[in-house]
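A quick write-up on the structure given underneath.
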Amino acid sequence: MKMSHFFVGTILASIFICCRAQTDLTLVPGSSGEDVVDACIQKLSAISLFSNDYGFLKRIALVESNFGSNSTIINANPTGGIWQITTTISQAISNNTILQAILKQTEIVLGSDIIDFVDGDFRIPLKSAFAARLYIEYVQLTEFAQSIDLPGTVVEQASWWSQYYTSNGQSNYFETTVTNYENSNRCTVSKMDLYFLLDGSGSIGSSNFQQSLDFVNQLASEFNISSEQVRTGLTIYSSSNYPISQFDQHQSNSAFSDAVTNTNYPRGGTNTGDGIEFVRTTMFNTSTGMRPLADGAPRILLVLTDGKSGDNVTEPSATIKADGVTVFGVGVGSGFVENEIREIASDPDSDYAFGLSQFDQLVTILKDRVSVQACRIPALIPDDTEVPISIDSSNAHYSEVQMPTNGSIELSYTVTTVATAIAYVSSSTTNPSSAVFDFFFVLQFGVTVVTINSGETATSAVELVSNTYASSSASTSSRKKRAADNIVKSYPVYVAVKAAAGDQSLEATVKATGSNTRSKGGTASGIHKFSWVTALILALLAWILSVDI
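So that you can map any letter, position 533 of the sequence shown is 551 in my numbering, and since no number is skipped, the others follow by simple counting.
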């Protein structure tokens, strides 16, 4: 077949390979796999009562049952599910009076079936995950009265798991299994604008300030810093702001590392709010090297502090997040205010708000958690603009578009390499996958066009979670309410494009075109609606394919 035939045929095939089949494997008994585990954890992140677990829940799923795919283990305890919930664990979390408050507050989010542990059947993945997460809280309450942090490092988690979770597991097995898996399954970030805002006040001290700089260098070393891939920058704040590097200034790993290493410790007060506003207006600006949305680079800010801010952080934090910047809030030591860190951080707090007791934990705990989460942050796709994407084999690209409540969005993908990917679409989860999606479609070499009507995505789930957030925590109610108010006019729709294993890198562009001409409700199909003109064109293309040119 000639190349022209192949190209036209691929266009036709890619248009029609689409499925409107809302799926949620977290609620299907016996479902397994890493996507299912990740989806369960993402759902639990909607519960603001849970703090950041530093990847512990996912690591337990890996060690206990290989994400549910170890048939020998599952067959030995089929009702334990992915997290292998035992009778001991089930009874402990069912009989604790303090945990009952968590159960009542989570019923509206998870449903009564998930929080009912009486039957002892945990084959539903989300139920198994919830029980395991509750048990972690139970042990912290009963053994330590929450006087110590959750275990953060692999070594600490391995010791905790062998002592409290399993009856016959060895800590070295946990360490080896987790380390080997995570070293061989590291995600890659093809593009990102990452900025650091570090507290340089007098309360930190020179030694801890140096550890903060070491953390920046070690985290930055996880990425390929260049003008085309990951751009980085750094500002130190105290009573004043001290810019060290802007996005277009040190565009290699060695140049950025040298700038960080040579940074002076300024001392002074802790004006965190002013620091955030400074980087918002000065550094997250195209004049200092931040890329436009059309470049498809997620924008990320990491704010690190050791104490209560001397000014207000609420307004600058809300504004920079409204500008499309994802914010990590990190408090270190005994002087920071937890609610202030939550106010600074993006939602959910369990992914983006961190509280550490010691500065050496920046490297031992925080570095890996931030690098993992950075891979999953969606890039904002502006309306009617072609945005380039590049995805390595077996990796995923995440994006976000705004769906008008009374309209539709047309997504157009142009794939320029001979590679295949599956695009999962959802409005209820920021990282859709094979486990949770509203519908999916296949991308191949050529052009794929899909129209999504506002009635075809799970808007009720977005509204439910936002409203639940708004009433669950006084410290975060204002920002949650703002998110819920925005849904009146539009709501986010998330797309995850997962490249097939073994293929070459997928190079493509995506263009999202919004419209308010369609009424809310739509039809049951997510496939592009063809007019008679389109049908005529397709008939002509089909005739061309039948003729030997």
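Backbone N, C-alpha and C define an ideal beta-carbon position, used for all residues, glycine too.
- Sequence-distant Cβ neighbours of D71 in its own chain, meaning closer than 8 Å and more than five residues away, are R151, I154, L168, S368.
- Excluding five sequence positions before and after S83, the CB atoms of its chain that fall closer than 7 Å to its own CB belong to I91, I92, I100, Q102, given in chain order.
- With fewer than 16 other Cβ atoms inside 10 Å of its own Cβ, G520 counts as exposed.
- In the displayed model, G373 falls within a strand according to three-state DSSP.
- When DSSP states are grouped into helix, strand and coil, V419 belongs to the strand group.
- Here V343 is near F302, since their CB atoms are less than 8 Å apart.
- Here the alpha carbon of F233 sits roughly 16 Å from the alpha carbon of G170.
- Around the CB of Q118, fewer than 16 other CB atoms lie within 10 Å, so the residue is classed as exposed.
- In this structure Q269 touches S244 by the C-beta definition: roughly 6 Å separates them, less than 8 Å.
- Measuring C-alpha to C-alpha distances from I126 to each of A64, E404, Y183, G293 identifies A64 as the nearest.
- Here S219 is not near S263, since their CB atoms are 8 Å or more apart.
- Judged by DSSP in its simplified three-state form, S523 adopts coil rather than helix or strand.
- The beta carbons of V454 and D139 sit no closer together than 8 Å.
- With 16 or more other CB atoms across the displayed protein chains lying within 10 angstroms of its CB, N449 is buried.
- Cβ-Cβ distances below 6 Å link S202 to nothing in the same chain once the five nearest sequence neighbours on each side are left out.
- The stretch 186-201 makes no contact with the stretch 283-299; the number of CB pairs closer than 8 Å stays below 3.
- C-alpha of E428 to C-alpha of T184: approximately 50 Å in a straight line.
- Beyond the five residues adjoining it in sequence on each side, T531 comes within less than 6 Å, by CB distance, of D402, E428 in the same chain, given in chain order.
- Counting only residues of its own chain and dropping the five nearest sequence neighbours on each side, T382 has a CB closer than 8 Å to the CB of G170, T171.
- The residue among T279, G314, G373, V355 with its C-alpha nearest the C-alpha of D329 is V355.
- Between the C-alpha atoms of N471 and V528 there is a straight-line separation of about 18 Å.
- Shown here for R77: same chain residues with a beta carbon closer than 7 Å to its own, the five before and five after excluded, namely Q175, V196 in chain order.
- Buried is the label assigned to L144, since at least 16 other Cβ atoms lie within 10 Å of its Cβ.
- Of the candidates S444, N242, G73, S444 places its Cα closest to the Cα of D456.
- Distances from the CA of A371 to each of G349, P316, V390 were compared; the closest alpha carbon is that of G349.
- Residue ranges of uninterrupted beta strand (DSSP E) with 3 or more members, entirely inside the stretch 336-385 and ordered along the chain, are 343-353, 371-374.
- Classified as exposed, N357 has fewer than 16 neighbouring CB atoms from the shown chains inside 10 Å of its CB.
- Sorting A149, F85, S69 by C-alpha distance to the C-alpha of T105 places A149 at the top.
- For K507, there is no enclosing beta strand (DSSP E), as DSSP marks it with neither H nor E.
- Shown here, Y283 sits in coil according to DSSP, grouped into three states, outside any helix or strand.
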